[in-house]
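Participant:
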Amino acid sequence: MKYISLPETENRRLPFYLAMEEYAARLVAGGKDGDDDLFFMWQVDPTVIFGRNQVLENEVDVDYCRRHHINMYRRKSGGGCVYADRQNVMLSYVTRDEQVGPTFSRFVGMLLLVLRQMGIEAAGTTHNDIMIGDRKVSGTAFYHLPGASIVHATLLYDTNMEHMLHAITPDPAKLQAKGIQSVRQRITLLKEHTSLELDQVKALIRSTLCRGELLLGEADVAEIERMEQAYLTDEFIHLVH
0 MKYISLPETE NRRLPFYLAM EEYAARLVAG GKDGDDDLFF MWQVDPTVIF
50 GRNQVLENEV DVDYCRRHHI NMYRRKSGGG CVYADRQNVM LSYVTRDEQV
100 GPTFSRFVGM LLLVLRQMGI EAAGTTHNDI MIGDRKVSGT AFYHLPGASI
150 VHATLLYDTN MEHMLHAITP DPAKLQAKGI QSVRQRITLL KEHTSLELDQ
200 VKALIRSTLC RGELLLGEAD VAEIERMEQA YLTDEFIHLV H
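For the sequence shown, numbering that gives the first Met the number 0 assigns the number 0 to the initial residue and increments by one for each residue that follows.
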């Protein structure tokens with residue numbers, strides 16, 4: 000598997016990385032990079048990402064997000080609503096394999112391998128989450144394009160727990176009026192299980208999973224930016240600051 004790198008380190012909005020996944024899927028489907036799967040990691044300013052079939056107002060506290068400058072974007076994959084910020088990392092895996100189950104299993108297995116390298120015992124679930132003990136540290140979602148599949152995941156190294164609680168409208172049955180404490184009982188932060196800093200975790204992920212690099216050029220970035228425009232319509236975007 001090759002790691003996709005950008006020619007610059009400019010911070011980008013979430014839609015750019017969703018478009019970058021689609022661009023990578025084109026490369027994989029077209030066989031332009033041999034038979035290699037592709038992978039990259041990215042981070043964003045405080046953002047809520049909700050699934051293609053979700054009703055925004057049912058999943059997100061829109062007023063809270065606007066008050067705290069938290070962007071809201073719809074993705075094309077299914078799955079639930081997640082909160083992301085620069086204290087955690089997003090993972091994107093693109094493969095020619097179009098079978099949902101085996102693709103999910105392979106990617107979850109990769110992440111479990113990385114965690115084992117860190118000395119952390121973890122397990123996957125039937126919902127393709129990753130658990131350390133009985134707490135969730137990573138969730139995944141799947142998106143299919145002609146000739147390729149995309150799996151993207153969150154890896155919860157750390158986060159702003161206040162934003163996570165209030166930005167995503169909680170299910171009262173799950174929270175049981177316990178607020179942040181209830182959320183903390185269902186998730187775990189990777190930093191609580193390792194002495195590695197986030198940049199060290201990212202370096203370990205890359206060195207464990209990838210053999211080689213695909214460095215994008217200015218023309219590639221320009222095409223991704225063109226594709227990004229599809230995510231900047233009213234259907235997908237709800238706040239940009």
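For each residue, glycine too, the CB sits at the ideal point set by N, CA and C.
1) So, for residue 217: in the same chain, excluding its five sequence neighbours on each side, which residues have a beta-carbon less than 7 Å away from its beta-carbon?
2) What is the residue span of the beta strand (DSSP E) that residue 129 lies within?
3) Within 9 Å of any Cβ in chain D, is that where the Cβ of residue 0 sits?
4) Taking the alpha-carbon positions, what's the residue 222 to residue 154 distance?
5) Whole angstroms is fine: what's the gap from residue 120's alpha carbon to residue 136's?
6) Could you check whether residue 36 and residue 167 sit closer than 9 Å to each other, using their CB atoms as the reference points?
7) Reducing DSSP to helix, strand and coil, say where residue 10 ends up.
8) Using a Cβ distance threshold of 8 Å, determine whether the segment 16 to 24 contacts the segment 142 to 150, with at least three qualifying pairs required.
9) Got a sec? Which residues, its chain only, sit under 6 Å from residue 46 by beta carbon, not counting five neighbours each side?
10) Assuming residue 51 is part of the alpha helix (DSSP H), what are its boundary residues?
11) Taking just the CA atoms, how far does residue 114 sit from residue 203?
Facilitator: Taking the geometry as given:
1) Stepping through the sequence shown from its first residue, residue 217 is reached at position 218. Once the five neighbours on either side are set aside, the close Cβ partners of residue 217 are 6.
2) Against the sequence shown, residue 129 aligns to sequence position 130. Judged by DSSP secondary structure, residue 129 falls within the beta strand (DSSP E) whose first and last residues are 129 to 131.
3) Protein chain content of the structure displayed is limited to a single chain, and chain D is not contained in it.
4) As a first step, residue 222 is located in the sequence shown; it is residue number 223 there, counting from the start. As a first step, residue 154 is located in the sequence shown; it is residue number 155 there, counting from the start. Each residue's Cα considered, the two are about 28 Å apart.
5) Reading the sequence shown from its first residue, position 121 is the one you call residue 120. Reading the sequence shown from its first residue, position 137 is the one you call residue 136. Cα to Cα, the separation comes out at about 12 Å.
6) Against the sequence shown, residue 167 aligns to sequence position 168. Against the sequence shown, residue 36 aligns to sequence position 37. Taking 9 Å as the Cβ cut-off, residue 167 and residue 36 do not qualify as a contacting pair.
7) On the sequence shown, residue 10 is found 11 positions in, with the first residue counted as 1. Three-state result, residue 10: coil.
8) Touching, per the Cβ criterion.
9) Against the sequence shown, residue 46 aligns to sequence position 47. Correct list, in chain order: 13, 70, 83.
10) Counted from its first residue, the sequence shown places residue 51 at position 52. Here residue 51 belongs to no alpha helix (DSSP H), and DSSP marks it neither H nor E.
11) Within the sequence shown, the letter at position 204 stands for residue 203. Within the sequence shown, the letter at position 115 stands for residue 114. Cα to Cα, the separation comes out at about 10 Å.
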